[in-house]
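Have a look at the structure below, then the notes.
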Amino acid sequence: MLQDSAYWEDGPVTSYRAGHSYSDDWGSAAPGNASATTRLGNVILPDIRPDSGSAPRHLDAYSPFDDITGTLTLRRGDTVVGTGPILDQQPFTVPAGPARYTLTSSFQRDVPWSTLGTKADASWTFRSGHVAGDTAATLPLWDIRFRGAFDFLDQAPAGRPFPLTVAPDLQPGAPRAAITAIGARASFDDGKTWHPLTLRPGAPGTWTTTVTPPPGTAFVSLSANLTDSAGNSTRQTVIRAYQVASPAR
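Start counting the sequence shown at 1035; every next residue gets the next number (this note's numbering).
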């Protein structure tokens, strides 16, 4: 369930040694969907953050402002298990037997303090069955994070190609299967038209691409999808994922 705290990190505690320097990013572009959904017994506990930054394992949150709206829906096959507001993510009670589920979220915001992440949609398909014991199991909901050398205003420079890293992310403890397909697209008109991006293998578990907005572009929207060898899949879209800086005069 969404909380009032601003940011936190999911998974094992990070240890830091005295006398060493460390750096970490919070709330950095490009914003996107992040998930830490779990199951305990016959209850699926959604935890979807549609405005998280690009760093892995980070789950950025926000207070429940009136100008943020959206819905969260769980389906078992083609049957709707339940739906509700994304700012009040209630548990879903499901049958014990293994089944394929699809969790979808839609998110819209119009706030005075940000021009980014005005709309985000995501869909996760995964298989799940009864989880015995007292410990919740993390479900295999992939997130696809975009990272780049944005400036302190989360802007990319105008007038030249901009490299991005495409980094699929699973929360610690989720069962991991090999990624068998991945794709990405960019839009320069708030999602009206989309252009496929060429992905190239990067560091292990990541891909790289380059986005070249046409002259006059103010914002870049991003969409990505993947499938793994266990049949889990995700599709995520963020409108106004980052801003393009005004050309220097």
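We treat Cβ as the ideally placed atom computed from N, Cα and C, and that holds for glycine.
My output table needs one value for residue i: the three-state DSSP class, helix, strand or coil.
i	result
residue 1276	strand
residue 1191	coil
residue 1050	coil
residue 1145	coil
residue 1196	strand
residue 1132	coil
residue 1116	strand
residue 1243	strand
residue 1066	strand
residue 1184	coil
On the CB-based measure, 16 or more other CB atoms within 10 Å of its CB, does residue i come out buried or exposed?
i	result
residue 1276	buried
residue 1196	buried
residue 1186	exposed
residue 1205	buried
residue 1147	exposed
Give the DSSP bridge partners of residue i, in chain order.
i	result
residue 1260	1216, 1268
residue 1229	1220
residue 1210	In the DSSP output, where bridge partners are listed per residue, residue 1210 has none listed.
residue 1155	1140, 1271
residue 1203	1177
residue 1167	Paired residues: none, contrary to the question.
residue 1162	1133
Whose C-alpha, out of the options, is nearest the C-alpha of residue i?
i	options	result
residue 1258	1268, 1131, 1249	1268
residue 1149	1176, 1167, 1064	1064
residue 1129	1191, 1077, 1232	1077
residue 1209	1179, 1171, 1181, 1193	1171
residue 1164	1236, 1134, 1054, 1242	1134
residue 1261	1202, 1272, 1236	1202
residue 1086	1112, 1244, 1219, 1141	1141
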